[in-house]
Structures are given as structure tokens and as C-alpha cells.
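*Asks:* Pasting a structure below so you can have a look.
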Amino acid sequence: MKARAVKGLDPDATLAHNFERIIATRLDELCSFVPRALDPQRVKALHDMRIAAKRLRYILEVGAEPCFGPYAVTAIKCTRDLQDLLGELHDCDVQLPRVRALQDELRAADALEARARAGDAPDLDPTLASGTPNAPAWRGLETLRIYIEARRGLLFERFVEMWRELEREGFRARLQYAITERPDPAAPRSPSDNGDEPSSTAASAVQSDG
Amino acid sequence: MAKAREIPGLEPDLSYREAAATTVSVRAQELFDHAEGVLDTSEIERVHDMRVATRRLRAVLEIYEACFPRKALRDVLGDIKALADALGERRDPDVHLAQLEEFAGAVKEADRPGVEVFAERVRAEQGAGNQALAAALAEIQDSDLRGRLAALAASAAPDGPPRRDVDGPAQDAGPDAPSEVTP
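Taken in sequence, the protein lines are chains A and B. Count along the first sequence from 1, add 430, and you get the number used in the working numbering. Count along the second sequence from 1, add 889, and you get the number used in the working numbering.
The following block contains the structure:
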């Protein structure tokens, strides 16, 4: 997924000026996948949302603490947890078709074997489909398929719950606010002093978390 | 996973160019620090750490895209992407094998032959991935990626070498390539 263009970047301006713009864009980009990604069938939206979370996370890792308000540091963990969970989901989406393909391949080989056993018979004796060479393998793969499908479902439920929790916490609005703050050089900085009171310069505007 | 190294001297009022030079230097150093022993398939976290280091480096090159000469950035990003792809070719089977081993240990005996058939394929992919990674590591050595990254970082600094082609964004170097910057 190609990253969204960032407007207003200026190589001769300050770090905070530019990072504020990039983070605002990356945050919008991440949030733009909802509600699409809340549909478990939208595999691509989920994958792209993971990449968006990764992009946001990596710029926060560099700039949150030195440049912005305390919630920006908290947001590093939020985006990392989101990226990790979406990564686990993506692994399931990659693995499941591979397991299916291997299972189909083994079953097809066994069907050929059963057919060969029949030789010139006018019809296939059901007993010839029993005890084929790959049967233990494709039966085991069936268990693996069930496991991956069930795990994917569980992880997706966790993802929806995680996103709802981020919305409840006001993740978007708080990060939008935090990137308009600048740290007070005299005050100790910690993610635990987290956001009810601006640590220094007040934000000029906070958009709603929609 | 290795924690991202802190970038010394970053502060809100620092010039973007200076921040670019420092950040890319630190992230490039992180990448090469994680190169040790990555071909050892018994120590799979090394590949993971180096892969994450490539992601972090790519990310900062994209973040500071506006500070770098276009062509040099494009070339370096292309090489880092190739390295990241090779690391992924090794890492993905590493992870899947670990998951399959755990799964096989937890299920009934009757289910294990299927897991083993799948694991055999993944092991073959791991071997091929390791060969691809060895080639990619040799390539970054031969093409002096380290030196080119150092030169790129220096070119961003306000007192660095003049930038020749600053009149537009870098070209796309892949699906995660830098965004178009609209000043």
C-alpha cells in the first residue's frame, strides 16, 4: 500500500513542524480503514491497516518523546499492539490457503491412487478409498485448518475489541492533540502523566474522533 | 524484538535536515549491528531483529525523504527493500516452523503426520530463504550500502554536501515506497 501524500513538509523547517504533519496524515490513514477493516472478510483492508499502523508506529518511535505531548509516547504502545495483532491475523490469512492447497494436493494424489487400485473394474469399490497413503497427512491438515480458522476468528474478535477500546480511550483525538503540544524542557516526561492536562503549549484545535 | 535505539539530540526545534542526518545514521548503525549471525537458523530472533531494523531504517528514510537527493535515496531504498525481502523470505518460514512445532506438540498423535508434511515444505522454504539472505548480505557488502547510507545521511545535514536534485520527490521503490511529498 502506497503511503498517503503528506502536505506542507519543509526540509528547512523544524523537526516538530514536519513530524506533526506526517503523524497527522499517518493517523488519518490508519483510522480511514475503519469501518472497512471491521468486516472479517476484508482481508486486504486488514493487511493495509497493519501497514498503516506500522508507519505510524515508526515515526512515533523517533519523534514522540522529544517533540510532543505525553500521549504521543503512550500511542507508541497502542500502535505496536495493533500492528502485532493485525500481523497475527495476516499470518493466518497467509497460512490458510497454503494448508488448503497442500491438503487438496494430497487428497488428489490419493484419489488417483484409489483409481489405480480399481484397475479395470466397472465401478470403484468403496474400500479402495480407504487406507490411501496420504490419508494420515490430509486428516492432520484438516485439524490444522480448523485451528487456523478458529484462531483467525478469535484474533479478529480481539482486534475489534482493541479498536473499540482505542476509540473509547479517545486514541485519535488525544494523539491529534498531543502532536500539537511541545514538551516543557523543565518538566520530567513520562507516559504516565497522561494527557488530562497539557504539559506545555496548548493545542490550537482538537478534531473530534470520528 | 530489539527496542528502537533512541536518537540523541532530537528536540522540537532542531532543523529537519539535522534530524534526518542523525536519525538515519543511528538507524543505519542499528541495521548493521544486527547483521551478526543472521544466517544461523538455530537463532531465529537475529533475523527478526535485523528485519525490524530494515523496517525502521526504511521508515526514517521515507519520513525524511524531503531532505535527501532523489536518486541516492531511491537507490538506497531499493537496496534496503531487497534486503528486507530476503530477510522476510527467511523470517516467515522461521516463524511458521516454530508455530507448527508448537501445534504438533499440542495435538493428538494422529494429527501429527499432516503437520510434519507441511513442516517439511516450510523447512525447504527456510533453506531457500537462507540462501537468498546470504546473497542479499553479500550484495549490500559489495555495493557498500553502509558507505552510501553514511553519504546520504551527510547530504541531509545543513552543512553537508549540496543536494543536486531537490526539485521533486523520489520515485517509487516498491509497495512501501515513500509518499509523494507536497511542500
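Every residue gets a Cβ at the ideal spot worked out from N, C-alpha and C, and that includes glycine.
1. Suppose you measure from the CA of Asp614 of chain A to the CA of Ile452 of chain A; what does that come to, to the nearest Å?
2. Pick from A:Cys522, A:Leu519, A:Glu491 and A:Gly499: whose alpha carbon is nearest that of Thr509 of chain A?
3. Quick check: is the beta carbon of Thr912 of chain B nearer than 9 Å to any beta carbon in chain A?
4. Since Tyr607 of chain A meets chain B, which of its residues come closer than 9 Å, beta carbon to beta carbon?
5. Please name the residues in the region 572–602 of chain A whose beta-carbon is closer than 8 Å to at least one beta-carbon of chain B, in chain order.
6. Whole angstroms is fine: what's the gap from Asn564 of chain A's alpha carbon to Leu526 of chain A's?
7. Tell me whether Lys960 of chain B sits in a helix, a strand or coil according to DSSP, three-state version.
8. Please list the terminal residues of the continuous alpha helix (DSSP H) segment that includes Asn564 of chain A.
9. Leu903 of chain B versus chain A: which residues are under 7 Å apart at the beta carbon?
10. Since I believe Leu1038 of chain B is in contact with Val965 of chain B (beta carbons under 8 Å), could you give me their beta-carbon distance rounded to a whole number of angstroms?
11. Would you kindly check if the distance between the Cβ of Ala1046 of chain B and the Cβ of Ala910 of chain B is under 9 Å?
12. Would you mind telling me which residues of chain C sit closer than 7 Å to Pro563 of chain A, beta carbon to beta carbon, in chain order?
13. Just to confirm my understanding: we take Ile489 of chain A, look at its own chain, exclude 5 residues before and 5 after, and list those with CB closer than 7 Å. What are they?
14. With a CB to CB cut of under 8 Å and the five nearest residues on each side skipped, what residues in its chain are close to Leu989 of chain B?
15. Among the candidates A:Lys437, A:Ala505, A:His447 and A:Pro496, whose CA atom is the shortest distance from the CA of Ala397 of chain A?
16. Determine, for Arg530 of chain A, whether the minimum Cβ-Cβ distance to residues of chain B falls below 9 Å.
17. So which residues of chain A does Asp1090 of chain B contact, with C-beta pairs closer than 8 Å?
18. Please state the DSSP three-state secondary structure of Lys507 of chain A.
19. Looking at the secondary structure, which residues open and close the alpha helix (DSSP H) in which Asp478 of chain A lies?
20. Against Ala893 of chain B, what residues of chain A qualify as contacts under a CB-to-CB distance less than 7 Å, listed in chain order?
21. Just how far apart, CA to CA, sit Ser904 of chain B and Ala446 of chain A?
22. Where Ala1020 of chain B and Gly977 of chain B are concerned, what is the direct C-alpha to C-alpha distance, given to the nearest angstrom?
23. Leaving aside the five residues before and after Asp623 of chain A along the sequence, list all residues of the same chain whose C-beta is less than 6 Å from its C-beta, in chain order.
24. Check for me: the alpha helix (DSSP H) holding Met939 of chain B runs from which residue to which?
25. By Cβ distance below 7 Å, which residues in the same chain neighbour Arg434 of chain A in space, the five residues on each side in sequence not counted?
26. In this structure, what does DSSP give as the bridge partners for Thr444 of chain A?
27. Could you say which of A:Arg575, A:Arg612 and A:Ala475 lies nearest to Met431 of chain A if we only look at CA atoms?
28. Do Ile609 of chain A and Phe498 of chain A come within 9 Å of each other at the CB atom, strictly closer than that value?
29. Over what stretch of residues does the alpha helix (DSSP H) that includes Ser1044 of chain B continue unbroken?
30. Rounded to the nearest angstrom, what separates Gly583 of chain A and Phe589 of chain A at their Cα positions?
*Replies:* Taking the geometry as given:
1. Numbered from 1 along the first sequence, position 184 holds the residue referred to as residue 614 of chain A. Numbered from 1 along the first sequence, position 22 holds the residue referred to as residue 452 of chain A. For Asp614 of chain A and Ile452 of chain A, the distance between alpha carbons rounds to 22 Å.
2. Translated into the one-based positions of the first sequence, residue 509 of chain A becomes position 79. Ranking A:Cys522, A:Leu519, A:Glu491 and A:Gly499 by Cα distance to Thr509 of chain A puts A:Glu491 first.
3. Translated into positions along the second sequence, residue 912 of chain B becomes position 23. So yes, Thr912 of chain B belongs to the interface.
4. Here residue 607 of chain A is taken as the residue at index 177 of the first sequence, counted from 1. Here the premise fails: no neighbours, minimum Cβ distance about 16 Å.
5. Glu572, Thr573, Leu574 and Tyr577
6. Within the first sequence, numbered from 1, the residue matching residue 564 of chain A stands at position 134. Within the first sequence, numbered from 1, the residue matching residue 526 of chain A stands at position 96. Going by the C-alpha atoms only, they are around 19 Å apart.
7. By 1-based counting over the second sequence, the position of residue 960 of chain B is 71. Lys960 of chain B: helix per DSSP, three-state reduction.
8. Counting from 1 along the first sequence, the entry for residue 564 of chain A is found at position 134. Note, Asn564 of chain A: premise wrong, no alpha helix (DSSP H); not H, not E.
9. Along the second sequence, one-based indexing puts residue 903 of chain B at 14. Those within 7 Å of Leu903 of chain B in chain A are Thr444 and Leu445.
10. In the second sequence, residue 965 of chain B corresponds to position 76, counting from 1. In the second sequence, residue 1038 of chain B corresponds to position 149, counting from 1. 6 Å between Cβ atoms; contact.
11. Position 21 of the second sequence, counted from the first residue, corresponds to residue 910 of chain B. Position 157 of the second sequence, counted from the first residue, corresponds to residue 1046 of chain B. Yes, the pair counts as a contact, with Cβ atoms nearer than the cut-off.
12. The structure shown contains no chain C; the protein chains it does contain are A and B.
13. Reading the first sequence from its first residue, position 59 is the one you call residue 489 of chain A. Excluding positions up to five away in sequence, the list reads Phe449, Ile452, Ile453 and Arg456.
14. By 1-based counting over the second sequence, the position of residue 989 of chain B is 100. Cβ neighbours of Leu989 of chain B beyond the five flanking positions: Val1004, Phe1007, Ala1008 and Val1011.
15. Any answer about residue 397 of chain A is impossible in this case: the structure gives chain A only from 431 up to 640.
16. For this step, residue 530 of chain A is matched to residue 100 along the first sequence. No - not a single Cβ of chain B is within 9 Å of the one on Arg530 of chain A.
17. Outside the shown range of chain B, which is 890 to 1072, sits residue 1090 of chain B, and nothing can be said about it.
18. Position 77 of the first sequence, counted from the first residue, corresponds to residue 507 of chain A. Helix.
19. Working through the first sequence from its first residue, we reach residue 478 of chain A at position 48. Start and end: Val473 to Cys497.
20. Sequence index remark: in the second sequence, residue 893 of chain B carries index 4 (1-based). Result: Glu491.
21. The sequence position of residue 904 of chain B within the second sequence is 15, counting from 1. The sequence position of residue 446 of chain A within the first sequence is 16, counting from 1. Taking the straight line from one Cα to the other gives about 9 Å.
22. In the second sequence, residue 1020 of chain B corresponds to position 131, counting from 1. In the second sequence, residue 977 of chain B corresponds to position 88, counting from 1. Correcting the residue type first, residue 1020 of chain B is Gln in the shown sequence and not Ala. Cα-Cα distance, rounded: 12 Å.
23. For the purposes of this step, residue 623 of chain A is taken as residue 193 along the first sequence, with counting starting at 1. Only weak support exists for where Asp623 of chain A lies, its pLDDT of 45 falling under 50; the coordinates are left without a value.
24. Looking up residue 939 of chain B in the second sequence gives position 50. Its alpha helix (DSSP H) spans residues Ile933 to Ile952.
25. Here residue 434 of chain A is taken as the residue at index 4 of the first sequence, counted from 1. If we look at Arg434 of chain A and ignore the five residues flanking it on each side, its Cβ neighbours are Thr455 and Glu459.
26. Numbered from its first residue, the first sequence carries residue 444 of chain A at position 14. Note: Thr444 of chain A sits in a beta bridge opposite B:Ser904.
27. The residue labelled residue 431 of chain A in the question sits at position 1 within the first sequence. It is A:Ala475 whose Cα lies nearest to the Cα of Met431 of chain A.
28. The count along the first sequence starts at 1 and reaches residue 498 of chain A at position 68. The count along the first sequence starts at 1 and reaches residue 609 of chain A at position 179. Yes; because the gap between Cβ atoms is below 9 Å, this pair is in contact.
29. Within the second sequence, numbered from 1, the residue matching residue 1044 of chain B stands at position 155. That run of the alpha helix (DSSP H) goes Leu1034 to Ala1045.
30. Taking the first sequence and counting its residues from 1, one reaches residue 583 of chain A at position 153. Taking the first sequence and counting its residues from 1, one reaches residue 589 of chain A at position 159. Approximately 10 Å, taken between the alpha carbons.
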